[in-house]
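Student:
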Amino acid sequence: MVLMGLALAADWPVWSKAQARRSRLLCAECDWDLRLRDDEDRLPYNIPDPEKPNKIRLVCGRCCNHGLDALEALAAAAGQTS
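Using the working numbering, the letters of the sequence shown map in sequence onto residues 4 to 85.
#1: Would you tell me roughly how many angstroms separate the C-alpha atoms of Arg2 and Gln83, rounded to the nearest one?
#2: Determine the extent of the alpha helix (DSSP H) in which Arg25 is found, giving its start and end residues.
#3: Report, in whole angstroms, the separation of the C-beta atoms of Leu61 and Asn49, which I expect to be a contact under 8 Å.
#4: Assign Ala78 to buried or exposed, taking buried as 16 or more other Cβ atoms, counted over all protein chains shown, within 10 Å of its Cβ.
#5: If Cys66 sits next to Glu32, beta carbons under 8 Å apart, how far is it from one beta carbon to the other, in whole angstroms?
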């Protein structure tokens with residue numbers, strides 16, 4: 004059973020773009036294929052959707068300011084509750 008899971012994981016680079024979209028491997032903002040690791044400016048970040056904060060939503064670094072905006076929002080929210 005473990006070998007089957009490893010075989011499927013090894014095949015993910017050849018998935019179609021539609022399959023990658025369903026698996027949430029594309030940027031939620033610009034549709035960039037996050038499986039491509041050739042651009043340091045496009046690394047994936049998990050930025051929660053304000054409407055569904057518990058759902059995994061990957062966004063490329065270029066679209067989310069490398070996660071800095073989300074960190075600043077969390078820091079501001081923590082400062083307001085203290």
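Don't be surprised by glycine CBs; every beta carbon is placed ideally from N, CA and C.
Tutor: Put simply:
#1: What is shown of the chain runs 4 to 85, which leaves residue 2 out entirely.
#2: Lys20 to Arg25
#3: 6 Å
#4: exposed
#5: 4 Å
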